[in-house]
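Enquirer: Pasting in a structure now, in structure tokens, and then I'll have a few things to ask.
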Amino acid sequence: MDGGDRILVAAGLTAAVVVGAFVLWGPGGAPKVRKRRGQIAGLQNMGRTCFLNTLLQALAACPTFIEWLKKYAKADSHNSMITTLYTVIEVVNGTHESARGTPVCPLGVLQSLRAAGWVVPADQQDAHELLHVLLSCIEEETAAMAKKPGCLSDALGLGGSRAWSALASPASPPAAPHPLRADSTPPTPSALTVRPASAAPTDEPDLEEPEPMMPRLTKGVSRSLCHLSSVGRRWVTPTTARPPPAPPFRGTLASRLQCTVCSHKSPIRYDKFDSISLSMTNASVGLTGSYSLAGLLRAFTAPEMVKGVRCSKCCPEPAEGAPPAPPTAYTKHIRTVSFGKLPYCLCLHVGRVEWLSGALNKRSEFVAFPETLSMAPYAAVQQPKTELSSLVSGGRLRGGLAALNAGGGAGGAAPYRLSAVVVHVGGPRSGHFATYRRGNGFESKRWWYTSDTLVHEVSLQEVLRCSAYMLFYERVRPDTVLSTTATQHF
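Okay, here's the thing in structure tokens:
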């Protein structure tokens with residue numbers, strides 16, 4: 010082979026290498042993102058919005074919640090929070106018809122919050138607080154959809170709507186006066202409040218304890234009657250709509266007081282919840298001297314002594330005009346709390362911020378948690394099963410059906426499977442949120458670490474070793490095969 014042939018061969022090899030590099034790396038010199046269905050995408054940080062990104066990734070790992078959103082998104086034609094959130098989650102999970110694998114801009118979620126009357130300041134916020142805001146906004150929309158009467162203009166699509174894109178980034182609408190902001194008071198369990206927009210801004214920690222949000226101002230009055238015909242002006246009266254089904258995160262706590270003097274028990278009180286905040290107290294420390302999720306749940310449901318409660322049996326309600334009850338009428342009571350109805354999606358919040366020696370302190374102790382969680386030890390005692398035939402013969406069918414429904418309200422011994430874990434790195438006033446989450450669909454046994462645009466696969470062992478701030482569990486479906494590598498007992 011002479012010199013000319015060698016030059017031609019070298020030139021050919023060089024051209025082949027260049028073409029191969031172009032195919033593999035693209036014109037920009039960076040590796041091409043492999044786009045395939047089910048590939049988890051990252052989320053762009055729009056400036057201190059990691060609290061939003063981490064929550065969206067956690068919700069995207071909850072199939073039951075996604076199916077619930079999908080049902081309302083199909084029935085909604087106004088591009089509201091439900092439709093926007095469902096679209097963003099679909100794109101994040103790689104199940105949307107749009108491009109997959111590239112980071113997503115979640116600006117549409119913030120725009121939908123502002124359109125609903127919430128103000129999200131530009132500083133750092135708490136992911137747990139945002140969860141309650143999102144669920145509150147979604148619940149308002151589902152309630153409005155259930156109450157809205159049908160009319161001809163809606164059927165013809167003539168009603169006005171305000172559409173917000175879930176992926177575009179236009180200018181945000183004017184903010185309405187209800188901020189997503191914590192008070193500056195020391196954080197205590199269930200001590201988070203929401204300030205009106207006119208209140209002066211304060212320095213608040215990035216992590217706060219939750220409390221039910223204050224009601225917002227009503228944005229308008231919906232139509233109750235629709236004009237169907239200009240001739241005769243016939244009107245239609247709206248029919249009574251069924252209340253919408255509860256969101257998958259909605260559960261019920263059952264509490265009861267018992268007098269320590271006469272042992273009289275008060276009626277059971279039921280309180281709704283969307284998440285449960287657990288405190289790291291001395292009562293929650295296990296025998297090994299470390300914290301575990303089971304220990305935190307035992308401390309949460311442990312009986313506690315309550316002082317200054319008037320017993321209706323020891324001291325009945327005084328008659329009208331009679332002097333008030335003496336101080337001796339108020340006795341000590343034992344308060345018991347249990348889960349009356351367990352949700353399909355269970356969110357457990359580990360409170361890590363406390364007020365210590367006049368300053369905020371973040372606790373960094375490890376809390377062991379399982380992949381599979383049984384809530385049966387913390388559920389309300391179920392009623393024994395009653396034969397339906399005996400209820401019919403005794404004329405107690407209606408009450409018996411209610412008893413049967415109440416008996417299964419706690420979900421029985423159905424276990425929960427871990428879906429996502431939110432972690433926080435930093436101090437009590439600032440830091441960064443990230444999420445460990447399951448894959449979706451056929452990749453539900455694989456775990457991923459997501460931090461804004463960063464997405465990479467991790468092992469289950471790494472997930473179970475992280476310092477959890479929020480834990481997302483889903484009730485196991487009958488056809489789900491559970492892993493035996495991690496159980497509730499430690």
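Reading the sequence shown from the start, the letters are residues 10 to 499 in the working numbering. By construction, the Cβ of each residue, glycine as well, lies at the ideal position given by its N, Cα and C atoms.
Would you say tyrosine 279 and glutamate 374 are within 9 Å of each other, going by their C-beta atoms?
Expert: Taking the sequence shown and counting its residues from 1, one reaches residue 279 at position 270. Taking the sequence shown and counting its residues from 1, one reaches residue 374 at position 365. Their beta carbons are not under 9 Å apart, which means tyrosine 279 does not touch glutamate 374 by this criterion.
Enquirer: Put threonine 381 into one of helix, strand or coil per three-state DSSP.
Expert: As a position in the sequence shown, residue 381 is number 372, starting the count at 1. Strand.
Enquirer: Taking the straight line between their C-alpha atoms, what separation do you get for cysteine 475 and valine 432?
Expert: Within the sequence shown, numbered from 1, the residue matching residue 475 stands at position 466. Within the sequence shown, numbered from 1, the residue matching residue 432 stands at position 423. Near 7 Å, if we compare the C-alpha coordinates of valine 432 and cysteine 475.
Enquirer: Could you check whether the region 343-352 touches the region 449-466, counting it as contact only if at least three pairs of C-beta atoms, one from each stretch, sit closer than 8 Å?
Expert: With a cut-off of 8 Å, the region 449-466 and the region 343-352 do not count as touching, because too few Cβ pairs lie within range.
Enquirer: Work out the CA separation of serine 107 and serine 264 for me, nearest whole Å.
Expert: By 1-based counting over the sequence shown, the position of residue 264 is 255. By 1-based counting over the sequence shown, the position of residue 107 is 98. Approximately 48 Å between the Cα atoms of the pair.
Enquirer: Assuming alanine 263 is part of the beta strand (DSSP E), what are its boundary residues?
Expert: As a position in the sequence shown, residue 263 is number 254, starting the count at 1. Its beta strand (DSSP E) spans residues 260-268.
Enquirer: When we look at the beta-carbon of cysteine 71 and count the other beta-carbons within 10 Å, is it buried (16 or more) or exposed?
Expert: Residue mapping note: residue 71 aligns to position 62 of the sequence shown, counting from 1. Per the 10 Å Cβ criterion, buried.
Enquirer: Please classify isoleucine 277: is it buried, with 16 or more other beta-carbons within 10 angstroms of its beta-carbon, or exposed?
Expert: Position 268 of the sequence shown, counting from 1, holds the residue named residue 277. Burial call: exposed.
Enquirer: Between leucine 64 and leucine 116, how many whole angstroms is the CB-CB distance? I'm expecting something under 8 Å.
Expert: By one-based count along the sequence shown, residue 64 stands at place 55. By one-based count along the sequence shown, residue 116 stands at place 107. Actually they do not touch by this definition, with Cβ atoms about 15 Å apart.
Enquirer: Thinking just about the alpha-carbon of each residue, which of Pro112, Met314 and Ala84 is nearest to the one in alanine 152?
Expert: Indexing the sequence shown from 1 puts residue 152 at position 143. Of the listed residues, the one whose Cα sits closest to alanine 152 is Ala84.
Enquirer: Suppose contacts are defined by Cβ-Cβ distances below 9 Å. Is leucine 262 in contact with lysine 274 by that definition?
Expert: What you label residue 262 is simply residue 253 of the sequence shown in a count that begins at 1. What you label residue 274 is simply residue 265 of the sequence shown in a count that begins at 1. For leucine 262 and lysine 274, no; Cβs fall outside 9 Å.
Enquirer: Where does asparagine 54 sit, in a helix, a strand or coil, going by DSSP?
Expert: Position 45 of the sequence shown, counted from the first residue, corresponds to residue 54. Coil.
Enquirer: Can you tell me which of the three DSSP states isoleucine 75 falls into?
Expert: Counting from one through the sequence shown, the residue named residue 75 turns up at place 66. Helix.
Enquirer: Assuming contact is defined by CB atoms lying nearer than 9 Å, are valine 430 and tyrosine 445 in contact in what I supplied?
Expert: Counted from its first residue, the sequence shown places residue 430 at position 421. Counted from its first residue, the sequence shown places residue 445 at position 436. Cβ atoms of valine 430 and tyrosine 445: closer than 9 Å.
Enquirer: For alanine 377 and valine 315, what's the separation of their Cα atoms in angstroms?
Expert: As a position in the sequence shown, residue 377 is number 368, starting the count at 1. As a position in the sequence shown, residue 315 is number 306, starting the count at 1. Going by the C-alpha atoms only, they are around 30 Å apart.
Enquirer: By Cβ distance, which residues of its chain are closer than 8 Å to glutamate 56, with the 5 residues on each side in sequence left out?
Expert: The count along the sequence shown starts at 1 and reaches residue 56 at position 47. Sequence check: residue 56 is glycine here, not glutamate. Cβ neighbours of glycine 56 beyond the five flanking positions: Ala131.
Enquirer: Name the DSSP beta bridge partners of glycine 304, please?
Expert: Reading the sequence shown from its first residue, position 295 is the one you call residue 304. DSSP lists no partner for glycine 304.
Enquirer: Taking DSSP as the reference, what is the three-state secondary structure of glycine 117?
Expert: Stepping through the sequence shown from its first residue, residue 117 is reached at position 108. In the structure shown, glycine 117 sits in a helix (DSSP, three-state: H, G or I).
Enquirer: If you count every other CB in all the chains shown that lies within 10 Å of the CB of leucine 427, and 16 or more means buried, which is it?
Expert: In the sequence shown, counting from the first residue as 1, residue 427 sits at position 418. Leucine 427 is buried by the Cβ-count criterion.
Enquirer: Which class does leucine 140 belong to by DSSP, given the choice of helix, strand or coil?
Expert: Locating residue 140 in the sequence shown gives position 131, counting from the first residue. If DSSP states are grouped into helix, strand and coil, leucine 140 belongs with the helices.
Enquirer: Just verifying my parser: in three-state terms, what is the DSSP assignment at glycine 450?
Expert: Residue numbering aside, residue 450 sits at position 441 when the sequence shown is read from its first letter. It is helical.
Enquirer: Rounded to the nearest angstrom, what separates phenylalanine 481 and glycine 295 at their Cα positions?
Expert: Reading the sequence shown from its first residue, position 472 is the one you call residue 481. Reading the sequence shown from its first residue, position 286 is the one you call residue 295. Straight-line Cα distance between these residues: approximately 22 Å.
Enquirer: Can glutamate 148 and serine 89 be called in contact, C-beta distance under 9 Å?
Expert: Position 139 of the sequence shown, counted from the start, is the residue given in the question as residue 148. Position 80 of the sequence shown, counted from the start, is the residue given in the question as residue 89. Cβ distance not < 9 Å, so glutamate 148 and serine 89 don't count as in contact.
Enquirer: Between serine 439 and glutamine 120, how many whole angstroms is the CB-CB distance? I'm expecting something under 8 Å.
Expert: Locating residue 439 in the sequence shown gives position 430, where the first residue counts as 1. Locating residue 120 in the sequence shown gives position 111, where the first residue counts as 1. Actually they are not in contact, since the Cβ atoms of serine 439 and glutamine 120 sit about 25 Å apart, beyond 8 Å.
Enquirer: To the nearest angstrom, report how far apart serine 288 and alanine 477 are at their CA atoms.
Expert: By 1-based counting over the sequence shown, the position of residue 288 is 279. By 1-based counting over the sequence shown, the position of residue 477 is 468. Those two C-alpha atoms are separated by around 13 Å.
Enquirer: Taking the alpha-carbon positions, what's the valine 346 to phenylalanine 309 distance?
Expert: Residue 346 sits at position 337 when you count from the first residue of the sequence shown. Residue 309 sits at position 300 when you count from the first residue of the sequence shown. Straight-line Cα distance between these residues: approximately 8 Å.
Enquirer: To the nearest angstrom, report how far apart histidine 342 and proline 325 are at their CA atoms.
Expert: Position 333 of the sequence shown holds residue 342. Position 316 of the sequence shown holds residue 325. Roughly 16 Å separates the two Cα atoms.
Enquirer: Within 10 Å of its beta-carbon, does proline 379 have 16 or more other beta-carbons around it, so buried, or fewer, so exposed?
Expert: Locating residue 379 in the sequence shown gives position 370, counting from the first residue. It is buried - the Cβ of proline 379 has at least 16 other Cβ atoms within 10 Å.
Enquirer: Would you say cysteine 323 and methionine 479 are within 9 Å of each other, going by their C-beta atoms?
Expert: Working through the sequence shown from its first residue, we reach residue 323 at position 314. Working through the sequence shown from its first residue, we reach residue 479 at position 470. Contact flag unset, no.
Enquirer: What are the boundary residues of the alpha helix (DSSP H) that valine 129 is part of?
Expert: Mapped onto the sequence shown, residue 129 falls at position 120. Counting along the chain, valine 129 falls outside any alpha helix (DSSP H), and DSSP gives it neither H nor E.
Enquirer: Exposed or buried, what is valine 291 when buried is set at 16 or more other beta-carbons lying within 10 Å of its beta-carbon?
Expert: Here the question's residue 291 lines up with position 282 in the sequence shown. Looking at the sequence shown, residue 291 is not valine but asparagine. Label assigned to asparagine 291: exposed.
Enquirer: Use the C-beta contact count for glutamate 99: other C-beta atoms within 10 angstroms, 16 or more gives buried, fewer gives exposed.
Expert: Start at 1 with the first residue of the sequence shown, and residue 99 comes out as number 90. Counting Cβ neighbours within 10 Å, glutamate 99 comes out buried, since at least 16 surround it.
Enquirer: To the nearest angstrom, how far is the alpha carbon of valine 467 from that of proline 254?
Expert: Here residue 467 refers to the residue found at position 458 when the sequence shown is read from its first residue. Here residue 254 refers to the residue found at position 245 when the sequence shown is read from its first residue. Each residue's alpha carbon lies about 36 Å from the other.
Enquirer: From what residue to what residue does the beta strand (DSSP E) around glutamate 471 run?
Expert: As a first step, residue 471 must be located in the sequence shown, where it is residue number 462. Glutamate 471 -> not in any beta strand (DSSP E); alpha helix (DSSP H) instead, spanning 469-473.
Enquirer: For alanine 125, which of Pro112, Ala368, Leu143 and Val113 has the nearest alpha-carbon?
Expert: Position 116 of the sequence shown, counted from the start, is the residue given in the question as residue 125. It is Leu143.
Enquirer: Given a threshold of 16 other Cβ atoms within 10 Å of its Cβ, counted over all protein chains shown, does glutamate 76 qualify as buried or as exposed?
Expert: Numbered from 1 along the sequence shown, position 67 holds the residue referred to as residue 76. Looking at its Cβ environment, which holds fewer than 16 other Cβ atoms inside 10 Å, glutamate 76 is exposed.
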